[in-house]
Amino acid sequence: MRPGSTPLGVDGDTAGAEGLNRLTDAVAAILDTGGDVDVVTARIAAAMADELQRPDLLPLFTGRRKSFAAYVDPLRHFIVHCSVHGPGHLTEAHDHGEAWAVYGVLRGSSRYRRFRRSDDVAPGTATLVCERDDELVPGQTDVVAPGYVHLIGNETDEPAWNVVVRPRPIEEVWRRRYDLDSGAYVIHPGSLPDGVEAPSA
Ligand SMILES: [Fe+2]
C-alpha cells in the first residue's frame with residue numbers, strides 16, 4: 060500500500076488487504092494517468108474485473124452484515140465501497156449527480172438496471188430509457204456515467220457482495236432519486252447539508 064493511504068478495515072483488521080491494495084493501486088495509477096470519463100471508468104472497470112476474479116477481496120466482507128467503506132484515498136479522494144445486499148434488497152432508482160461510479164460483483168449475483176435520461180417532460184420529471192437490465196455474476200462490472208440513473212437489487216436467496224469505486228465519498232456527491240413510474244425526481248436528502256430541506260419536485 061502506498062504511504063499515506065487509508066485502509067478502513069474492521070477495527071484495523073487487514074483481512075482482504077492484498078486484494079484491496081492491488082485494486083487501489085490500480086485505481087490510483089489510472090486516475091493519475093487521467094483521460095476523459097469514458098476512458099478512466101473503462102480502465103477502472105477492467106482493473107476491478109481482474110480483481111473480482113481473484114479470491115483476495117473475499118476476506119474483506121467476511122462477517123460483514125452492512126455495507127462499509129473499505130478505503131478512502133487521502134490524495135485523490137476516491138473511495139472503495141463494499142456493499143452487502145441481503146436477499147430481496149432493492150435500492151431506489153438514483154443518480155450520482157456529476158460523479159461516475161464503477162460497480163462490480165464479488166459474490167452472489169445482483170440485478171443491475173441502468174437508465175439514460177432524455178429530456179425532462181416537465182420540471183422535475185425525467186424520461187428514463189432503460190439501457191441495461193442484467194443479472195451480474197462475480198467478475199462482472201457496470202459503469203454508471205455522470206447523470207445516469209440506476210438501481211441494484213438482490214433477487215436471490217443469498218447475500219450479494221458488490222464492490223464500488225467512486226471518485227469521492229457518496230456523502231460528498233450531489234445526487235437525485237427517481238420515481239420510475241412517473242419519472243419524477245428529487246434531490247436525495249442525504250446530499251444536502253444539515254438543516255437544508257430538499258426542494259419539492
Ligand atoms: Fe448508485
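Position one of the sequence shown corresponds to residue 60 (the working numbering), numbered consecutively onward. Backbone N, C-alpha and C define an ideal beta-carbon position, used for all residues, glycine too. Note that this is a predicted model, so its numbers are computed, not measured.
Item checked: Local Cβ density within 10 Å of R124, reported as buried at 16 or more and exposed below that -> exposed
Checklist line | Check: A74 C-beta below 7 angstroms from any heavy atom of ligand 1 | finding: no
Note to self: For ligand 1, is there any heavy atom lying closer than 7 angstroms to the beta carbon of A128?
What the structure shows: no
Check: Under the rule that 16 or more other beta-carbon atoms within 10 Å means buried, what is L134, buried or exposed?
Finding: exposed
Item checked: V223 versus Y162: straight-line alpha-carbon distance, rounded -> 4 angstroms
Notebook entry, point to check: ligand 1 heavy atoms versus the CB of H144: any closer than 7 angstroms?
Noted result: no
Next item on the list: Could you tell me if the beta carbon of V202 falls within a distance shorter than 7 angstroms of some heavy atom in ligand 1?
Entry: no
Margin query: According to DSSP, simplified to helix, strand and coil, what is D132?
Written below: coil
Checklist line | Local Cβ density within 10 Å of P226, reported as buried at 16 or more and exposed below that | finding: buried
Check: Short check: CB of W233 to CB of R166, under 8 angstroms?
Finding: no
Note to self: Given this structure, state the Cα-to-Cα distance separating R235 from T186, to the nearest angstrom.
What the structure shows: 14 angstroms
Margin query: Measuring only the C-alpha atoms, how far is T184 from V203?
Written below: 20 angstroms
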